[in-house]
């Protein structure tokens with residue numbers, strides 16, 4: 111018998127086993143060397159400091175990721191511990207930190223059904239992860255959690271050696287107490303005290319079985335199962351917890367099926383008062399911190415984040431948005447918002463507002479009407495078509511290229527274009543056209559036909575380039591309709607672009623964060639304004655003056671009718687499909703952009719109960735006017751600066767002929783700023799243009 115193959119096989123097996131063993135030992139050595147150290151006293155694992163957010167004034171406005179109040183296990187409803195153990199770790203009282211049976215089951219399911227189908231972590235491992243690690247998942251991380259879980263259970267067993275009246279190890283109850291007070295439940299609820307108050311306006315000892323089951327179901331994925339954001343998912347999870355309680359014997363089948371139709375929205379308190387005064391700000395700041403330093407920066411807490419938020423302006427913004435939307439609810443035929451259910455509120459009209467200092471700091475920001483209905487931030491995240499609010503970008507591109515001056519003449523009339531083999535007919539609002547007009551007057555009255563002609567004169571590519579310099583970062587194609595605002599933008603981008611005009615061409619990158627300080631008082635981040643020249647100052651001055659005329663005499667004139675009398679410049683925007691209404695404007699000191707619309711634009715239109723379209727002038731302008739009136743009350747009045755080398759001229763708005771001339775017949779002259787080399791139009795040249803146009807219209 112030839113034993114050589116067997117011997118070689120045995121030697122190879124031993125070498126492989128030795129190599130694997132050495133590799134495992136090395137991996138264990140590396141993991142153990144990097145393990146966080148547990149405190150000598152288990153009592154030190156408890157309440158933790160949160161991350162503080164401060165307004166620009168230095169006033170602390172909110173703290174998140176903080177365990178506020180410790181609740182002893184004896185003061186927590188027994189339904190809570192029953193639901194937690196049934197859902198997350200049925201063998202909690204039997205293992206010593208890790209559950210080999212659960213790990214084996216998880217490994218089997220993950221192999222058969224796909225990676226991460228099921229987890230095998232015990233409550234102790236979950237607690238370790240929340241105390242010491244970020245949410246990242248890896249085999250090395252899981253091994254670290256398991257080793258620390260064994261160590262933590264051993265430490266607690268030594269510190270609390272007694273047994274409970276039920277014969278259970280007392281240290282297990284102490285671990286449960288630590289877990290329930292430390293875990294995150296969503297909606298900034300850290301710990302069972304916060305969770306009971308935020309979701310149900312009650313205390314931990316008063317939690318009944320359904321509410322306890324809803325909370326314990328959220329722990330696994332507090333964002334995905336948050337009943338305020340995802341009530342249907344939360345309901346499915348709630349029913350799963352009921353099933354687990356039946357499986358562990360805590361709930362009999364009769365009681366379980368009595369709750370089969372219970373939903374998450376039946377349990378939460380929809381009228382609760384939010385403890386977070388600026389919820390959209392807090393969520394935006396969290397995103398900013400995670401983007402800069404990763405989720406672990408929020409997990410450990412202790413940061414002091416100083417923002418650019420102006421509390422007085424924020425309150426004025428929220429008040430203006432609330433009153434504006436209440437008025438729109440009535441026009442649109444909705445019942446009062448307070449009387450609507452959580453699900454009904456999702457279909458209501460929304461609004462967003464951003465107010466900037468010209469230096470780039472975001473002073474106020476409203477991301478929507480109710481963060482408990484939707485966390486979606488319409489001010490910073492949503493991209494919507496700005497409509498005519500984008501026209502100044504096309505005008506600036508044409509002015510810069512020398513293709514037009516404010517007094518260039520156009521015939522504003524119905525025209526058609528061939529686009530990709532199809533006929534396109536841009537229409538003015540209401541089907542009304544200006545006829546012969548200056549470029550300035552066409553902008554003041556937001557004439558679509560002229561705006562398309564102007565973008566055609568310079569080419570859509572130049573308009574795209576100008577938009578990029580002004581800070582529009584989303585997809586913008588060089589379409590022939592670009593001047594009509596077909597590219598989707600954010601409210602923040604609109605405010606920042608108009609701020610560049612208010613700054614006479616200087617673009618300042620907007621920011622919400624001024625500086626970040628760590629728990630030791632060291633400055634981790636200090637904002638340095640990023641400033642660049644986006645537009646020539648003379649062109650910006652010309653545009654500012656034109657937008658002032660739009661407020662005084664054009665589509666933004668409702669600003670004046672609503673009582674705001676200070677110097678202001680701005681532009682309305684309305685989309686042709688009645689889904690978006692805008693007003694973006696500025697004073698010498700503040701820039702604000704307001705958007706109004708529906709989240710579900712496919713199913714809802716800004717058309718009132720009488721069939722009248724809600725435009726930027728009727729929907730967004732009232733919010734802007736109320737906000738600006740409130741924040742400018744008591745401020746010293748300051749006018750826009752006009753460069754001395756630019757000439758202010760009064761002209762006929764349609765012909766561009768200077769009104770001081772004897773042959774001018776304009777009863778209501780338009781003032782324009784002209785640069786060196788630009789002059790009012792000559793009457794004879796205007797007459798020739800009229801004759802040429804008339805001849806071109808005669809059929810041959």
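In the numbering used here, the protein residues as written are 111 to 810. Backbone N, C-alpha and C fix where the C-beta goes; we use that ideal spot for every residue, glycine too.
Residue 193 vs residue 326 beta-carbon contact at 8 angstroms: yes
Residue 504 versus 474, 569, 468, 491, residue with shortest Cα-Cα distance: Out of 474, 569, 468, 491, 569 has the C-alpha closest to the C-alpha of residue 504.
Pairwise C-alpha distance: residue 309 and residue 451: 16 angstroms
Beta strand (DSSP E) segment containing residue 475, residue limits: In this chain, the beta strand (DSSP E) harbouring residue 475 covers 472-476.
Distance, residue 169 Cα to residue 662 Cα: 38 angstroms
Bridge-paired residues (DSSP) for residue 703: 464, 694
Residue 420 burial status per 10 Å Cβ neighbour count (16 or more: buried): Its Cβ being crowded by 16 or more others within 10 Å, residue 420 is buried.
Rounded straight-line distance, which links the Cα of residue 174 to that of residue 298: 6 angstroms
Beta-carbon contacts of residue 400 that lie in its chain and below 8 angstroms, excluding the five residues immediately before and after: 407, 408
Local Cβ density within 10 Å of residue 558, reported as buried at 16 or more and exposed below that: By the beta-carbon neighbour count (other beta carbons within 10 angstroms, threshold 16), residue 558 is buried.
Residue 620 - DSSP class collapsed to helix/strand/coil: If DSSP states are grouped into helix, strand and coil, residue 620 belongs with coil.
Contact under 8 angstroms by Cβ, residue 649 with residue 509: yes
Between the CA atoms of residue 595 and residue 316 - distance to the nearest angstrom: Going from the Cα of residue 316 to the Cα of residue 595 covers about 54 angstroms.
Counted within 10 angstroms of its Cβ, other Cβ atoms place residue 494 as buried (16 or more) or exposed: buried
Start and end residues, alpha helix (DSSP H) containing residue 396: Boundaries of the alpha helix (DSSP H) harbouring residue 396: 389-403, taken from the DSSP string.
Cutoff 6 angstroms; reference residue 414; Cβ partners in own chain excluding five residues on either side: A distance below 6 angstroms between beta-carbons, with the five flanking residues on each side excluded, links residue 414 to the following residues of its chain, in chain order: 162, 627.
Residue nearest to residue 693 in terms of C-alpha spacing, selected from 680, 700, 685: 680
Among 476, 575, 579, 597, the one whose alpha carbon lies nearest that of residue 585: 597
First through last residue of the alpha helix (DSSP H) which encompasses residue 281: 280-292
Per-residue DSSP class, three states only, for residue 352: helix
Residues that DSSP places opposite residue 172 in a beta bridge: BP columns for residue 172 point to 163.
Spatial distance of residue 233 from residue 191 (CA atoms): 11 angstroms
Touching by the beta-carbon criterion (3+ pairs, under 8 angstroms), the region 514-525 and the region 444-458: no
8 angstroms Cβ cutoff met for residue 424 and residue 467: Contact: no.
Nearest neighbour of residue 390, chosen from 796, 485, 332 [CA to CA]: Per the Cα distances, 485.
Neighbourhood of residue 689 by C-beta, 6 angstroms cutoff - its chain only, sequence neighbours within 5 removed: 707, 711
Euclidean distance between Cα positions of residue 512 and residue 443: Going from the Cα of residue 512 to the Cα of residue 443 covers about 49 angstroms.
Residue of 549, 556, 608 minimising C-alpha distance to residue 581: 608
CB-CB length for residue 361 against residue 320, believed under 8 angstroms: Contact flag wrong, Cβ pair sits at about 11 angstroms.
Within 8 angstroms, strictly: CB atoms of residue 240 and residue 292: Yes, Cβ-Cβ distance for residue 240 and residue 292 is below 8 angstroms.
Residue 373 versus residue 345 - alpha carbon distance: 5 angstroms
When 638, 617, 613 are compared against residue 625, the one with the closest alpha-carbon: If we check each option's Cα against that of residue 625, 638 comes out closest.
Length of the line joining the Cα atoms of residue 249 and residue 255: 10 angstroms
Any alpha helix (DSSP H) of 4 or more consecutive residues that is wholly inside the region 731-758: 731-742
Rounded separation between residue 562 and residue 524 - CA only: 11 angstroms
Minimum length 3: unbroken beta strand (DSSP E) runs contained in the region 606-652: 616-618, 623-627, 633-636, 641-643
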